[in-house]
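Visitor: Residue numbers (our numbering): 1064 to 1433. Virtual Cβ for every residue (Gly too), placed ideally from N, Cα, C. Just so it is clear, the structure is predicted and the values come from calculations on it, not from any experiment. I'd like to ask you about the structure that follows.
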Ligand code: NAD
Ligand code: GLY
C-alpha cells in the first residue's frame, strides 16, 4: 500500500471486482487513498446536509488532484429520505451536468448516503464507478463493504436495490470523532453481530473493550473496524449475491427491519432495531433448542452495555405480534410468504431457519416493551 501512511488494508476478493478497504487516520487528506478511480474524469461527491459541511471540502480538495471537475451534492439527511426522491436528486444532478459514464461517484456519509449513491451508480447509464467514503461506525464496519445498495419502500426496508461493488472503501477513523453517541451505539450493533455469527473470540474482545468503543478510543475503534471488515470480506467473498452464507450477516435484521418500517423510518435508528432484533433472534434460537439461556443473557447484556435497546417497541397495541409477523413477511429472505430467520446454531455459528408463527409470537410477546 505505497503512499498511505498509518492505514490497514483489508481486501475483498471478488475476482475482477476485488477491491481494497483502507482503514486509518488522516485518509480524507491523503491522495494515495483515492487512487482507485481512473484519473482525469469528472467526479461527484454525494453527501448529505450534515456530513457535507464537515468533510466535503476536504474530500473535494484531495479529489481535485485526480479529477477534472469535482462537484458536490448534499442530500437531505435521514433514513426517511432513503427514497426515490433523493435518488432522483442524484440523477438530476448527473444529467444536469451532462455527466458521462466515466464520471466517478464518491459516497461521503453513513449507510443511507452509501446505499443510495451505490444504487445511483449501479443505475446511471447502466453503471458508473463509485467509491465508498463511510463516515459512521455502522458504515465503516458494514454498509460500505460488500456492494449491497438500495432505497426503502414504505412497505419494506431496502426492498429496491442492486448488488453493485465499489472500486474501493476509504474508512477515515478521524471522521468518527464528530459522530453523536447515539450513532456510535448504533454502529456497535453491527460490530457485535459479527461475534455470535462468526467469531466468539471477537465477541469476547468486544465485551472487554465496550467502554473504550463507546468512548471512541482510537485503538479500539481501529481494531473493531478492521476485524469487522475482515469478517465481512470473508463472507461476501464466498457468497457475493446472498445465495446462502451471506444471509448470516442479517442476524437480528428480520425483527429490526420490521421495527424500522413499522414505526416509520427514522424513529429508531437501524442499529437500534438490529440491537433489539438480535436479542429477539437469540430468544428464538434458544426456543428452537439451538443455544442455552446463558448465551441469550450474555448477548443481551453486551447489547445493553453498548447503549442499545434490548426490547422491541410495541408497534401495534391491538395485535403487536401479528403486526410484526405481517411486516416480517416483506423480507428478502422470505420464500413463498414463509419468514426465514437468522438464528444462532451454536456459539459463533449462524443458520437460516423458518419457525412456527406461534413460537415467533411468543418471542415477540416476551421481548417487546409493554
Ligand atoms: P445514516 O447514514 O443515517 O447516518 C447516521 C447519522 O449520522 C446521519 O444523521 C448522518 O448525517 C450522521 N453522520 C454521518 N457521519 C457523520 C459524522 N462523521 N459526524 C457526524 N454526523 C455524521 O445511518 P447509518 O447508521 O450510517 O446507516 C444506516 C443505513 O445503512 C440504513 O439505511 C441501513 O439499511 C443501511 N445498511 C446497509 C448495509 C449494506 O450492506 N448495504 C448494511 C447495514 C446497514
Ligand atoms: N449487511 C448485510 C449484508 O451486507 O449482507
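With which residues is residue 1423 paired in a DSSP beta bridge?
Guide: Position 360 of the chain shown, counted from the start, is the residue given in the question as residue 1423. Paired residues: none, contrary to the question.
Visitor: Going by the DSSP bridge assignment, what does residue 1398 pair with across the sheet?
Guide: Walking along the chain shown from the start, residue 1398 turns up at place 335. Residue pairing by DSSP puts residue 1398 in a beta bridge opposite 1401.
Visitor: Determine the DSSP secondary structure at residue 1314, reduced to helix, strand or coil.
Guide: To locate residue 1314, count along the chain shown from 1; it is residue 251. Here residue 1314 sits in coil by DSSP.
Visitor: My parser needs the alpha helix (DSSP H) runs of 4 or more residues fully inside the region 1072-1140; what are they?
Guide: 1120-1127
Visitor: Excluding five sequence neighbours on each side, which residues of the same chain lie with their C-beta closer than 7 Å to the C-beta of residue 1242?
Guide: For the purposes of this step, residue 1242 is taken as the residue at position 179 of the chain shown. Same-chain partners within the cutoff: 1199 and 1200.
Visitor: Count the other C-beta atoms from every protein chain shown that fall within 10 angstroms of the C-beta of residue 1147, then say buried if there are 16 or more, exposed otherwise.
Guide: Working through the chain shown from its first residue, we reach residue 1147 at position 84. Counting Cβ neighbours within 10 Å, residue 1147 comes out exposed, since fewer than 16 surround it.
Visitor: Quick check on DSSP: helix, strand or coil for residue 1378?
Guide: Here the question's residue 1378 lines up with position 315 in the chain shown. Residue state, collapsed to three classes: coil.
Visitor: Near residue 1065, which residues of its chain fall below 8 Å by C-beta distance, leaving aside the five closest residues on each side in sequence?
Guide: For the purposes of this step, residue 1065 is identified with residue 2 of the chain shown, where counting begins at 1. Note on residue 1065: pLDDT 45, under 50, position unreliable in the model; the coordinate value appears next. Excluding residues within five positions, the ones whose Cβ falls inside 8 Å are 1095.
Visitor: Let me check you understand the geometry: is the CB of residue 1115 closer than 7 Å to at least one non-hydrogen atom of the ligand NAD?
Guide: To locate residue 1115, count along the chain shown from 1; it is residue 52. Outside the cutoff, so no.
Visitor: Please state if the CB of residue 1359 and the CB of residue 1430 are separated by a distance shorter than 8 Å.
Guide: One-based indexing of the chain shown puts residue 1430 at position 367. One-based indexing of the chain shown puts residue 1359 at position 296. Cβ distance not < 8 Å, so residue 1430 and residue 1359 don't count as in contact.
Visitor: Mark residue 1217 as exposed unless 16 or more other C-beta atoms lie within 10 angstroms of its C-beta, in which case mark it buried.
Guide: Residue 1217 sits at position 154 when you count from the first residue of the chain shown. Under this definition residue 1217 is an exposed residue.
Visitor: For the alpha helix (DSSP H) containing residue 1295, name the first residue and the last one.
Guide: Reading the chain shown from its first residue, position 232 is the one you call residue 1295. From DSSP, the alpha helix (DSSP H) with residue 1295 extends over 1281-1301.
Visitor: Which parts of the region 1149-1236 are runs of the alpha helix (DSSP H), unbroken and 4 residues or longer, counting only runs that do not cross its ends?
Guide: 1174-1186
Visitor: Could you tell me which of 1251, 1120, 1390 and 1192 sits nearest to residue 1400, measuring between CA atoms?
Guide: Position 337 of the chain shown, counting from 1, holds the residue named residue 1400. For the residues 1251, 1120, 1390 and 1192, the minimum Cα distance to residue 1400 belongs to 1390.
Visitor: Do the region 1112-1125 and the region 1171-1190 touch if we need at least three Cβ pairs shorter than 8 Å?
Guide: Yes, they touch.
Visitor: Determine the direct distance from the alpha carbon of residue 1313 to that of residue 1082, and round the result to whole angstroms.
Guide: As a position in the chain shown, residue 1082 is number 19, starting the count at 1. As a position in the chain shown, residue 1313 is number 250, starting the count at 1. Going from the Cα of residue 1082 to the Cα of residue 1313 covers about 23 Å.
Visitor: Can you pull the DSSP bridge partners for residue 1407?
Guide: Here residue 1407 is taken as the residue at index 344 of the chain shown, counted from 1. Residue 1407 is bridged to 1413.
Visitor: Please classify residue 1229 as buried or exposed, where buried requires at least 16 neighbouring CB atoms within 10 angstroms.
Guide: As a first step, residue 1229 must be located in the chain shown, where it is residue number 166. So residue 1229 ends up on the buried side.
Visitor: Does the beta-carbon of residue 1206 have 16 or more other beta-carbons within 10 angstroms, so that it is buried, or is it exposed?
Guide: Locating residue 1206 in the chain shown gives position 143, where the first residue counts as 1. When all chains shown are included, residue 1206 counts as buried.
Visitor: Could you give the distance in angstroms between the alpha-carbon of residue 1238 and the alpha-carbon of residue 1090?
Guide: Here residue 1238 corresponds to residue number 175 of the chain shown, with the count starting at 1. Here residue 1090 corresponds to residue number 27 of the chain shown, with the count starting at 1. Going by the C-alpha atoms only, they are around 10 Å apart.
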